[in-house]
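Asker:
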Amino acid sequence: MAHSYKQSRQNARSIDRNKQLFLEQQKSSPRQTVLSAILSIGAVLAIVLGFTFISAVARTNSTQTASGNPSATITSGYGSLNYPKGWCGNAGQAACPPIDPGWFSALADTPAAIASTIARSNVFNSMRDQYRYTSLDVPALVHAMFAHTGISYYDNDHWVVSVLNASGQRCGIFDFIYDRVNHRMAFSSYGVITPTDPHAKLAFPYTSSATASSLLRRQRNLAIMPNSQAELVFFPINPSFRNLNSPTHLWSGGGDSPMNPIWLLKGANGQDYFVGVDQRVYVQTDLPIAQGRP
Amino acid sequence: MLFLRSRAMATILGIVLALAIVQFWSYDNLPVVQAASNTHQQTQIPNCYPCYSFYGSYTPWMNTATSDWFEQQSNWCGVANIRAIQRYDWIYWGNNGGNSTTPGWDNSQSAIFNRLSTSGQSPWGRGSGGANLVSNISGDFGTDPHSIAYGAWYETPVSTGSQPYYFHNWIYKTSALTATEDISTDFGANTVSHNDPISATIDGGFHSFIISGFYASSDPSQGGAALNSIVTWDPWLNSSNQARDGHYYYNTTQEEVWSISNWTTLTKFWGQGYNTNNGSDPEPNTPNHYYVPPFPNYPHHWDTYFVTIEQDRIPNNTYSYDYAIDENGHLAPHN
């Protein structure tokens, strides 16, 4: 009997030891706890992202059902009959939000500072991937002349700069409105320069001030006024310029946009002269300036 | 039990943390998932804030579509636009189950013009005066919006359930800004047109552009996007940016991106609506007066409004290209 009691006591201690050993083995180390948590996070994220992926594909495919009556498979939406074409400003809708010109600060107005400001701007960085430019030339200031239109594009100066791709070719040209008074700039336009465009090999502006001075001398027998500098300018052009039935459309001197400016030089006789993109020298009365709204 | 409890605590903690992370996840940061038949909306994550992504036509195909530009006659901007839309749509079709990337007929600008000259008459007659095209409903000096809508429909692939090619003249009687917001919905993931380009009449009707997309804060086809700029293609210029007559009346480059501010304020674009008093772009004058103004509450058909030709969700067997649609998706007022 004592033997059986002892045996049972030994068995109980053995069970306790085994139990203890088992429990020791099942205790997780801190590393195992962290690993479990990470695995749980990963599993949940995978489930959620997978659901998102599936629902995105399903939504994208929602109008792509094939075969059958074409009209029956076209889901309604913008561009449907009796459905507003957009989300604002139409009957029963709230007004569209006002246009945000996207002004950004331009505190320093040297070409180098402006280049840096442009390179940091949202629009410049937003378009970079699409148009693959990697660097800028030196920006050029184009002054607005006869600027009393009430339209920001015409009434402010502009900074215009060509941009280069990784091969060193010009691939585009940016135009920014420059509000000098308020030290700010806003995107105006971006033109794509293609490889076959002669301007792909040139930095803007495409005619130098030295060439403009030389043309003044040759065509008008005039030097520029000492201590004066040539300026790039543009002006609000007479809208008849775009009417092919109007003689105004024959104007070839340019100056109608900041990307197509003309040079303004003060002659030694004190008069202003304009050297056009057609390499001809004009006076102010030659320019087809808009009299009313351009 | 201790085993289960220790594992369970870590697991529960992980799940809670994961759900918390998901709440802050912005789906806008994910690349857009594109079905095989809805391609070439390009999105990226640029280094900027706020950022504007491009939503629109695939540029390499646009380059092919405009490769025969500039317009071969001075009043063929509509013809050149039809050809660009045609080329682009056929390339799309051929890359998405179709058996060809080009139409099986002469699709030169002159061939297109000839078809517009001799076919496409509206059920209410043809216009008189101007270019005297059979497909015009007015005395336009070139192609009027009805003619362009007909040409776009005729020249593009036959519609199927999965790839409809329905075109209409859209007439926006609201404002330049609202009309611009409205046309922006043609670009993005949720369009029936797969980001195909559209034609927009500008400068009061003197000229028309191809619009191939927008830079926006989010997908315009979903509504609510903040638009930054509009991508335009000028048929007056060729792919070397040479002007047809050496003069740059509109764009300086064939493809030019304009700020929305400039697009809606400069009279050479949508700073003015259609101008039927400019001597070149009159109102319709068909003999059966279908679209000949005046109409109750709306004195004009095109005059002062913003006019486009767009691909849309209105089947040809419901209302054909003969019918103009307004900004509310309603038939344009008519007699």
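Taken in order, these protein sequences are the chains called F and R. Each number in the working numbering comes from the position in the first sequence (counting from 1) with 25 added on. Each number in the working numbering comes from the position in the second sequence (counting from 1) with 941 added on. Glycine is no exception: its CB is placed at the ideal position from the N, C-alpha and C atoms.
#1: Which residues bound the beta strand (DSSP E) around L166 of chain F?
#2: Taking the straight line between their C-alpha atoms, what separation do you get for E1122 of chain R and L269 of chain F?
#3: Would a check of beta-carbon distances place G1165 of chain R closer than 9 angstroms to chain F?
#4: Report all residues from its chain with a CB closer than 6 angstroms to the CB of D200 of chain F; omit the five preceding and five following residues, and keep chain order.
#5: Any idea what DSSP makes of D320 of chain F, helix, strand or coil?
#6: With a Cβ-Cβ cutoff of 9 angstroms, do A1141 of chain R and T1007 of chain R count as a contact?
#7: In the DSSP output, what is Q1252 of chain R paired with across the bridge?
#8: Check whether chain F comes within 9 angstroms of R1056 of chain R, counting only Cβ atoms and requiring the distance to be less than that.
#9: Give the range of the beta strand (DSSP E) segment to which N190 of chain F is assigned.
#10: Please classify H28 of chain F: is it buried, with 16 or more other beta-carbons within 10 angstroms of its beta-carbon, or exposed?
#11: Using 8 angstroms for Cβ pairs, my map puts S1149 of chain R next to G1019 of chain R. What's the rounded Cβ distance?
#12: So is G301 of chain F in contact with chain R if we call contact Cβ pairs under 9 angstroms?
#13: Can you tell me the Cβ-Cβ gap for S1221 of chain R and G1146 of chain R, rounded? I've got them flagged as a contact below 8 angstroms.
#14: If we ignore side chains and look at the alpha-carbon of each, how far apart do S160 of chain F and W128 of chain F end up?
#15: Pull the bridge partners of Y158 of chain F from the DSSP assignment, please.
#16: Keeping to the same chain, check which residues put their C-beta closer than 8 angstroms to that of N94 of chain F; ignore five residues upstream and five downstream.
#17: Using the C-alpha atoms, what's the distance from R1185 of chain R back to P1169 of chain R?
#18: Name the chain F residues that come within less than 9 angstroms of W1111 of chain R, Cβ to Cβ?
#19: F995 of chain R CB to nearest chain F CB: under 9 angstroms?
#20: So, at 7 angstroms on beta carbons, what are the nonlocal neighbours of W1017 of chain R in its own chain, with the 5 sequence-adjacent residues on each side left out?
#21: So within the region 247-318 of chain F, which uninterrupted alpha helix (DSSP H) runs reach at least 4 residues, ignoring any that extend past its ends?
#22: Decide if the region 244-254 of chain F is in contact with the region 1183-1201 of chain R; the criterion is three or more beta carbon pairs, one per stretch, under 8 angstroms apart.
#23: Skipping 5 residues on each side, what residues in its chain have a beta carbon closer than 7 angstroms to that of L227 of chain F?
#24: Tell me the residue span of the beta strand (DSSP E) that contains L132 of chain F.
#25: Can you find a CB in chain F that lies within less than 9 angstroms of the CB of T1259 of chain R?
#26: Count the other CB atoms within 10 Å of the CB of S1162 of chain R; is the residue buried (16 or more) or exposed (fewer)?
#27: Going by other Cβ atoms of all chains shown within 10 Å of its Cβ, with 16 needed for buried, is L1057 of chain R buried or exposed?
#28: To the nearest angstrom, how far is it from the Cα of T6 of chain F to the Cα of S998 of chain R?
#29: Anything in chain R within Cβ reach of C121 of chain F, meaning under 7 angstroms, just list it in chain order.
#30: Measuring CA to CA, which of R:G1212, R:T1059, R:D1047, R:P1064 is closest to N1073 of chain R?
#31: What whole-angstrom Cβ distance do G280 of chain F and D303 of chain F have, given they're in contact under 8 angstroms?
#32: Check each residue of the region 201-230 of chain F: if its Cβ is closer than 8 angstroms to any Cβ of chain R, include it; give the result in chain order.
#33: Does any C-beta atom of chain R lie closer than 9 angstroms to the C-beta of R318 of chain F?
#34: Could you give the DSSP three-state label for S1103 of chain R: helix, strand or coil?
#35: Under the three-state reduction of DSSP, which class applies to W1211 of chain R: helix, strand or coil?
#36: Name the DSSP bridge partner or partners of S324 of chain F?
Answerer: So, from the listed chains and residues:
#1: 165-169
#2: 31 angstroms
#3: yes
#4: Excluding sequence neighbours, D200 of chain F sits near H183, V185, S213, S214, P283, M284.
#5: The shown model of chain F, from 26 to 319, leaves out residue 320 of chain F, and the question about it has no answer.
#6: Contact: no.
#7: R:F1108
#8: no
#9: 182-190
#10: Because the pLDDT at H28 of chain F is just 49, under 50, the model does not fix this residue reliably, and the value given afterwards should be weighed accordingly. Burial call: exposed.
#11: 6 angstroms
#12: no
#13: 7 angstroms
#14: 22 angstroms
#15: F:N190
#16: Residue confidence for N94 of chain F is low, a pLDDT of 37 falling below 50, so the modelled location carries little weight and cannot support an answer.
#17: Per the sequence presented here, residue 1169 of chain R reads as Asn, with Pro not at that position. Roughly 30 angstroms between the two C-alpha positions.
#18: G104, K110
#19: yes
#20: Closer than 7 angstroms at the Cβ level, and outside the excluded window around W1017 of chain R, lie Q1050, F1054, G1083.
#21: none
#22: Counting Cβ pairs under 8 angstroms, fewer than three are found: no touch.
#23: Hits under 7 angstroms: R195.
#24: The continuous stretches of beta strand (DSSP E) do not include L132 of chain F, and DSSP gives it neither H nor E.
#25: yes
#26: It is buried - the Cβ of S1162 of chain R has at least 16 other Cβ atoms within 10 Å.
#27: Here L1057 of chain R is buried. Its C-beta has 16 or more other C-beta atoms within 10 Å.
#28: A query on residue 6 of chain F cannot be resolved here, the shown segment of chain F reaching from 26 to 319 and no further.
#29: L1118, T1119, E1122
#30: R:T1059
#31: Cβ atoms of G280 of chain F and D303 of chain F stay farther apart than 8 angstroms, at about 10 angstroms.
#32: A211, F212, S213, S214, Y215, G216, V217, I218, T219, T221, D222, P223, H224: these are the residues of the region 201-230 of chain F whose beta carbon lies less than 8 angstroms from some beta carbon of chain R, given in chain order.
#33: yes
#34: coil
#35: coil
#36: The structure shown has nothing for residue 324 of chain F, since chain F only spans 26 to 319.
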